[in-house]
Every structure is written in structure tokens, then in C-alpha cells.
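K.L.:
Below you will find the structure I want to go over with you.
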Amino acid sequence: MRLTAFAATLIISAAPLLAADVIETDQMIVYEGQWVQSKLAEQNGALMFLTVPRGQIGEYFSISCILSGGTLDRTIKLGFPDPLASDSAPVMLRVGDIQHQATATFTGTTPDPAYTKSDIHSYALRFTDEATESAVFDAMRKGSELQISGQQLPIDLTGFTAAYNGQTAYCR
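Note that this note's numbering has the sequence shown beginning at 4, numbered continuously upward.
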């Protein structure tokens, strides 16, 4: 996940600003102190859930987006401190009572000199169909916490709806 060094820099640089609901700089927008929207063109609209505790144990969550023919194509990407059992491993995502399965496809490793001092193993999620993917995003907009199999710490969904809606402006 090539965002780890960038993510660590964002966490550190945004820390004094995190008390407000929405903070905007030239490089990012921070929602609720934890959802970071990159404004940098090379980040493909990356929306990241960034907290120090998750970074310290090597767990990352982001959503990239590409605008293709007037349609947004979003991809959930996960980072793990250790490789999953296979390069195409099943992963469960749960918001409240709603649970969906995706396939995590290995995309590479990225050094994480900021926190874990080792490699982060990155995966892109594929869902069985667009309806399932839409259902996951709908559940995230309505829910309060996302849990992902293979990751220890849950993702607080406070601010997610505003961040998700705001991401559209940065899709390339």
C-alpha cells in the first residue's frame, strides 16, 4: 500500500487540527479527525481511514476512485502487517448485523518506516457484483463501525458519509 508513508505524514501534520469536524488544507480534507481525503492528483482520490493505533499495528483501509466515462469506480484497499493465507483470500466486512464477503487480491508490499518498521501487505477487494459492493458502501454510510476479518481494530464510521460524498470531487 504505497500510501503508508504519505498516510503517516498526514496523521502527524493533521494532528493539531483534528478537533474540528472538517479541516481542509491544500493537500487534504480531514473529516472527524480520522477520514483523510487526499487532494493530490497522483493519489487517485484516495480516501483513507487513518488513526495512530491502526497505523502502529500495520492495519490500513482506503478507498480509491477513478472517474471512467462519467461513472465512479471505487475500490476498497486494505493493508495488513502480515500476508493473508493466499493471494486471493476471502475477507468478511461487517457493519452491525450486515455482513458481506469480498475477495482480497494481493497488490504488493510497501515498506512502512513510520510505524511498523516492516512491510505492509496490500490487497484490493473484489465483490461478487456491483449490488454487493453498493450494499457495503450503503451499510457503511448508515452504520457506526466496520469490522474486517484479519484486522484487529474496527473502523469508526463517524464522518464517513461526508467523506464518501466529498471523495467524488477528487476522482480522476
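Using N, Cα and C, we set each Cβ at its ideal position, and we do this for glycine too.
Hey, out of I69, T112, A142 and P116, whose CA is closest to Q170's CA?
P.N.:
Against the sequence shown, residue 170 aligns to sequence position 167. When only C-alpha atoms are compared, the closest one is I69.
K.L.:
Could you check what DSSP says for S152 in three-state terms: helix, strand or coil?
P.N.:
As a working mapping, residue 152 is identified with position 149 in the sequence shown. Coil.
K.L.:
May I ask which residues mark the beginning and end of the beta strand (DSSP E) holding P145?
P.N.:
Walking along the sequence shown from the start, residue 145 turns up at place 142. Correcting the residue type first, residue 145 is Lys in the shown sequence and not Pro. No beta strand (DSSP E) holds K145; the alpha helix (DSSP H) holding it covers E133 to K145.
K.L.:
Give the list of continuous beta strand (DSSP E) stretches no shorter than 3 residues that lie fully inside the segment 24 to 70.
P.N.:
25 to 27, 31 to 34, 38 to 41 and 50 to 52
K.L.:
For the structure I just gave you, are there three or more beta carbon pairs, one from the segment 132 to 147 and one from the segment 101 to 110, closer than 8 Å?
P.N.:
yes
K.L.:
So who's on the other strand from F83, going by DSSP bridges?
P.N.:
Here residue 83 refers to the residue found at position 80 when the sequence shown is read from its first residue. F83 pairs with H124.
K.L.:
Specify the secondary structure class of A88 as computed by DSSP and reduced to three states.
P.N.:
For the purposes of this step, residue 88 is taken as the residue at position 85 of the sequence shown. In the structure shown, the three-state DSSP call for A88 is coil.
K.L.:
So the candidates are A117, S121, L128 and I79; which of them puts its Cα closest to the Cα of A105?
P.N.:
What you label residue 105 is simply residue 102 of the sequence shown in a count that begins at 1. Of the candidates A117, S121, L128 and I79, the one whose C-alpha sits nearest the C-alpha of A105 is L128.
K.L.:
Alpha carbon to alpha carbon, what distance is there between T108 and S91?
P.N.:
Residue mapping note: residue 91 aligns to position 88 of the sequence shown, counting from 1. Residue mapping note: residue 108 aligns to position 105 of the sequence shown, counting from 1. Straight-line Cα distance between these residues: approximately 5 Å.
K.L.:
Between G58 and E27, what straight-line distance do the alpha-carbon atoms span, to the nearest angstrom?
P.N.:
Numbered from 1 along the sequence shown, position 55 holds the residue referred to as residue 58. Numbered from 1 along the sequence shown, position 24 holds the residue referred to as residue 27. G58 and E27: Cα-Cα distance of roughly 22 Å.
K.L.:
Select from I60, W38, V33 and G73 the residue whose C-alpha is nearest the C-alpha of S121.
P.N.:
Indexing the sequence shown from 1 puts residue 121 at position 118. Residue I60 is the option with its Cα nearest to S121.
K.L.:
Ends of the beta strand (DSSP E) at G111?
P.N.:
For the purposes of this step, residue 111 is taken as residue 108 along the sequence shown, with counting starting at 1. Counting along the chain, the beta strand (DSSP E) containing G111 begins and ends at I101 to D115.
K.L.:
Along the alpha helix (DSSP H) that carries G169, what are the first and last residues, could you check?
P.N.:
Here the question's residue 169 lines up with position 166 in the sequence shown. From DSSP, the alpha helix (DSSP H) with G169 extends over F163 to Q170.
K.L.:
Taking just the CA atoms, how far does S89 sit from F83?
P.N.:
Residue mapping note: residue 83 aligns to position 80 of the sequence shown, counting from 1. Residue mapping note: residue 89 aligns to position 86 of the sequence shown, counting from 1. In a straight line, the C-alpha of F83 is about 13 Å away from that of S89.
K.L.:
Can you list, in chain order, the residues of its chain with a C-beta nearer than 6 Å to that of S152? Leave out the 5 residues immediately preceding and following it.
P.N.:
Taking the first residue of the sequence shown as 1, we reach residue 152 at position 149. So the list reads V94 and M95, once near-sequence residues are dropped.
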